[in-house]
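Residue numbers (the numbering used here), protein chains in the order written: chain A, 107 to 293; chain B, 107 to 293. Ideal Cβ placement from N, Cα and C applies to all residues, glycine included. Here the structure is laid out as structure tokens; the discussion comes afterwards.
Number of protein chains: 2
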Amino acid sequence: MVRYPKKVDFPVSKVRRYLEPGPIVLVSSRWRRKTNIMTLGWHTVLEFSPSLVGIMVSEENYSFEMIRDSKECVINVPTTALTDVVVAIGNSSGAQIDKFTEFGLTAEDADEVSAPMIRECHASFECRLYEDALVQRYNFFVFEVVKAHAALSPKYPETLHYTGDGIFMVSGRVISRRSLFLPEMLG
Amino acid sequence: MVRYPKKVDFPVSKVRRYLEPGPIVLVSSRWRRKTNIMTLGWHTVLEFSPSLVGIMVSEENYSFEMIRDSKECVINVPTTALTDVVVAIGNSSGAQIDKFTEFGLTAEDADEVSAPMIRECHASFECRLYEDALVQRYNFFVFEVVKAHAALSPKYPETLHYTGDGIFMVSGRVISRRSLFLPEMLG
Numbered sequence: 107m108v109r110y111p112k113k114v115d116f117p118v119s120k121v122r123r124y125l126e127p128g129p130i131v132l133v134s135s136r137w138r139r140k141t142n143i144m145t146l147g148w149h150t151v152l153e154f155s156p157s158l159v160g161i162m163v164s165e166e167n168y169s170f171e172m173i174r175d176s177k178e179c180v181i182n183v184p185t186t187a188l189t190d191v192v193v194a195i196g197n198s199s200g201a202q203i204d205k206f207t208e209f210g211l212t213a214e215d216a217d218e219v220s221a222p223m224i225r226e227c228h229a230s231f232e233c234r235l236y237e238d239a240l241v242q243r244y245n246f247f248v249f250e251v252v253k254a255h256a257a258l259s260p261k262y263p264e265t266l267h268y269t270g271d272g273i274f275m276v277s278g279r280v281i282s283r284r285s286l287f288l289p290e291m292l293g
Numbered sequence: 107m108v109r110y111p112k113k114v115d116f117p118v119s120k121v122r123r124y125l126e127p128g129p130i131v132l133v134s135s136r137w138r139r140k141t142n143i144m145t146l147g148w149h150t151v152l153e154f155s156p157s158l159v160g161i162m163v164s165e166e167n168y169s170f171e172m173i174r175d176s177k178e179c180v181i182n183v184p185t186t187a188l189t190d191v192v193v194a195i196g197n198s199s200g201a202q203i204d205k206f207t208e209f210g211l212t213a214e215d216a217d218e219v220s221a222p223m224i225r226e227c228h229a230s231f232e233c234r235l236y237e238d239a240l241v242q243r244y245n246f247f248v249f250e251v252v253k254a255h256a257a258l259s260p261k262y263p264e265t266l267h268y269t270g271d272g273i274f275m276v277s278g279r280v281i282s283r284r285s286l287f288l289p290e291m292l293g
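Okay, here's the thing in structure tokens:
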């Protein structure tokens, strides 16, 4: 069984720490009485403060309308401990199954949004819609992270990075070049 | 010295292979007689065909106006062989130096755009501006990859993934879950 990482409050202005390296994320949503989860690799940080993240959600996903209509979601960061669950979520549809039940995941109440957090993930970022100008043309939503939760340990969790064709790159070692950075480029 | 990977034509609809895992990229540009290079970690794939990529270029970068005015750029993917060059590029400004000369990089003519490719990088994607609706508000450009070049080997290059604070995560091993994917999710 997957252990539950104990998450603590994390500064919303620092979510780039987890999102910029490009991990596959699990996006959870709620609309009316239904919840759902989708896998997503097409996202980018857009601003530190307000903490903005852009995500491209294909309209073929059952989650698309739930996210568009509720104007909320939670972006959860899974580690390699959840590899097979991530794959199963990405290869099934919320139209047929309840993904929380089916894959043994725990829906946890968020603080600021009604979409549920996934307890088994390393980090969960509560998001509220900030800009929908590119939704119709590109299915691209700009969300503001209004509250962030992250486990303290491991400091650099092993994340999954999709390359297409069923193949994931896994995060490897960490290297610091801190001493080569200008002071204003750090922090 | 950094070796020059021999690049061959690569299908533009498959650039997610290199960009979706979230590597730091080097964006090269040309405006009038000047060229420049910037580091960038805030990008996302947006569509397979046309091959669309969104990038957030802070207007504090010297490259911002060059990219905005020329409506072109090349997105180059460096490997860990270029780590210190990547850091040096990110901690200097094209207002003061010629980055190609200063860092010993080779500007190579692209086929479809006037911005130069960086020969030492593993892959180079020639881009033309496709949508500027979010440029003014978020410095977010939607580019179309009009021509792609990638080295054949190594198949999974070791890429750099920035986490802030001078620290990079390096890509690690590759795992396949191909057998667990639905046929329509592959390819």
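Closest by C-alpha distance to residue i, when choosing among the options
i: residue 211 of chain B; options: B:202, B:247, B:191; result: B:191
i: residue 264 of chain B; options: A:151, A:278, A:268; result: A:278
i: residue 155 of chain B; options: A:204, A:244, A:199, A:238; result: A:244
i: residue 146 of chain A; options: A:153, A:137, A:161; result: A:161
i: residue 232 of chain A; options: A:127, A:216, A:199; result: A:216
i: residue 209 of chain B; options: B:246, B:144, B:269, B:176; result: B:144
i: residue 121 of chain B; options: A:270, A:128, A:166; result: A:270
i: residue 176 of chain A; options: A:195, A:196, A:205, A:137; result: A:137
i: residue 159 of chain A; options: A:281, A:246, A:268; result: A:246
i: residue 128 of chain A; options: A:272, A:235, A:266; result: A:266
i: residue 205 of chain A; options: A:113, A:142, A:281, A:112; result: A:142
i: residue 292 of chain A; options: B:164, B:248, B:196; result: B:196
Buried or exposed by the 16-neighbour rule on C-beta atoms within 10 Å, applied to residue i
i: residue 285 of chain B; result: exposed
i: residue 135 of chain B; result: buried
i: residue 181 of chain B; result: buried
i: residue 173 of chain A; result: buried
i: residue 157 of chain B; result: buried
i: residue 169 of chain A; result: buried
i: residue 261 of chain B; result: exposed
i: residue 151 of chain A; result: buried
i: residue 125 of chain A; result: buried
i: residue 110 of chain B; result: exposed
i: residue 240 of chain A; result: buried
i: residue 222 of chain B; result: buried
i: residue 254 of chain A; result: buried
i: residue 166 of chain B; result: exposed
i: residue 218 of chain A; result: exposed
i: residue 251 of chain B; result: buried
i: residue 290 of chain A; result: exposed
i: residue 188 of chain B; result: buried
i: residue 114 of chain B; result: exposed
i: residue 171 of chain B; result: exposed
Pairwise C-alpha distance: residue j and residue i
i: residue 256 of chain A; j: residue 213 of chain A; result: 16 Å
i: residue 116 of chain B; j: residue 139 of chain A; result: 45 Å
i: residue 153 of chain B; j: residue 207 of chain A; result: 31 Å
i: residue 119 of chain A; j: residue 130 of chain B; result: 20 Å
i: residue 123 of chain B; j: residue 148 of chain A; result: 12 Å
i: residue 200 of chain B; j: residue 283 of chain A; result: 21 Å
i: residue 193 of chain B; j: residue 288 of chain A; result: 10 Å
i: residue 259 of chain B; j: residue 112 of chain B; result: 9 Å
i: residue 236 of chain A; j: residue 198 of chain A; result: 28 Å
i: residue 268 of chain B; j: residue 268 of chain A; result: 17 Å
i: residue 163 of chain A; j: residue 234 of chain A; result: 15 Å
i: residue 248 of chain A; j: residue 238 of chain A; result: 7 Å
i: residue 242 of chain B; j: residue 226 of chain B; result: 33 Å
Interface flag, residue i vs chain B, CB-CB below 8 Å
i: residue 166 of chain A; result: no
i: residue 131 of chain A; result: no
i: residue 231 of chain A; result: no
i: residue 252 of chain A; result: no
i: residue 215 of chain A; result: no
i: residue 246 of chain A; result: yes
i: residue 109 of chain A; result: no
i: residue 274 of chain A; result: yes
i: residue 292 of chain A; result: yes
Closer than 8 Å to chain A by CB, residue i
i: residue 239 of chain B; result: yes
i: residue 143 of chain B; result: no
i: residue 284 of chain B; result: yes
i: residue 199 of chain B; result: no
i: residue 157 of chain B; result: no
i: residue 206 of chain B; result: no
i: residue 287 of chain B; result: yes
i: residue 147 of chain B; result: yes
i: residue 234 of chain B; result: no
i: residue 267 of chain B; result: yes
i: residue 126 of chain B; result: yes
Rounded distance between the beta-carbons of residue j and residue i, thought under 8 Å
i: residue 178 of chain B; j: residue 220 of chain B; result: 6 Å
i: residue 186 of chain A; j: residue 228 of chain A; result: The Cβ separation is near 10 Å, so there is no contact.
i: residue 224 of chain A; j: residue 132 of chain A; result: 6 Å
i: residue 280 of chain B; j: residue 273 of chain A; result: 6 Å
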